[in-house]
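Asker: The structure's right below; bear with me while I get my questions together.
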Amino acid sequence: LSDIMFLQDATGSQQPYIDTARNKISQICNTLISGGKFAPQDLRFGLIAFRDHPPQDQSFVTQQFPFTTEFGVVASNLATGSGDRPEAQSDALSAALKVDWKDNATNIVVLITNSPPHGVGEDGDVSL
2 LSDIMFLQDA
12 TGSQQPYIDT
22 ARNKISQICN
32 TLISGGKFAP
42 QDLRFGLIAF
52 RDHPPQDQSF
62 VTQQFPFTTE
72 FGVVASNLAT
82 GSGDRPEAQS
92 DALSAALKVD
102 WKDNATNIVV
112 LITNSPPHGV
122 GEDGDVSL
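For the sequence shown, the residue numbers in our numbering are 2 to 129.
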């Protein structure tokens, strides 16, 4: 049994990579299922999209999509937005700690981003 949670940067700077990420997420899920080591019901996939804190982005900081065995749903939930660099991946990691992981599953988190997190002194970082 495995639970795989993708944390996807959904900001404007990721726009060129969103389609690639969507395809790669589908490819990873397909490979795991078609490999024969897992029954489809033994793999659950989830997504936490993250953007930025206000005032840089007013839409959301994190948006969680629950675990599902239908991996196509995960890839279809990817969208884009705006924001500065750095982004709110620390918030996404924190949210991932709180999801409904199966007790007996191997828990995997895949972070997809092109920016550092807030709080490490990068150019464009704003105090929160």
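The beta-carbon is built from N, C-alpha and C at its ideal position, and this holds for glycine as well.
Keep in mind the model is a prediction, meaning the values are calculated, not measured.
Give me the Cα-Cα distance between R45 and F72, rounded to the nearest whole angstrom.
Answerer: For R45 and F72, the distance between alpha carbons rounds to 8 Å.
Asker: Do you know how far the Cα of N115 is from the Cα of Q15?
Answerer: Q15 and N115: Cα-Cα distance of roughly 7 Å.
Asker: Are the beta-carbon atoms belonging to Q90 and P118 less than 7 Å from one another?
Answerer: Result yes, Cβ atoms of Q90 and P118 sit closer than 7 Å.
Asker: Select from E88, N105, D104 the residue whose C-alpha is nearest the C-alpha of L112.
Answerer: It is E88.
Asker: Which of helix, strand or coil does DSSP assign to P55?
Answerer: Three-state result, P55: coil.
Asker: Closer than 8 Å by C-beta to S27: which residues in its own chain qualify, once you throw out the five before and the five after it? Chain order, please.
Answerer: F72, G73, A76.
Asker: Would you grab the beta carbon distance between D92 and T63 for me? Rounded to a whole angstrom, and I think it's under 8 Å.
Answerer: About 5 Å separates the two Cβ atoms, so the contact holds.
Asker: Go ahead and pull the three-state DSSP assignment for N24.
Answerer: Of the three classes helix, strand and coil, the one that applies to N24 here is helix, per DSSP.
Asker: Count the other CB atoms within 10 Å of the CB of Q42; is the residue buried (16 or more) or exposed (fewer)?
Answerer: By the 10 Å Cβ count, Q42 comes out exposed.
Asker: Run through the DSSP bridge pairs and tell me what P118 is partnered with.
Answerer: Answer by DSSP bridge pairing, in chain order: E88.
Asker: Counting only the same chain and skipping the five closest in sequence on each side, list residues whose C-beta sits under 6 Å from that of I5.
Answerer: Closer than 6 Å at Cβ, skipping near neighbours: F46, I109.
Asker: Let me check understanding here. Comparing Cα to Cα, which of L33, R52, T32 lies closest to A11?
Answerer: Looking at the Cα atoms, R52 is the closest of the given residues.
Asker: May I have the straight-line CA-CA distance separating K103 from I19, to the nearest angstrom?
Answerer: Their backbone Cα atoms lie some 28 Å apart in a straight line.
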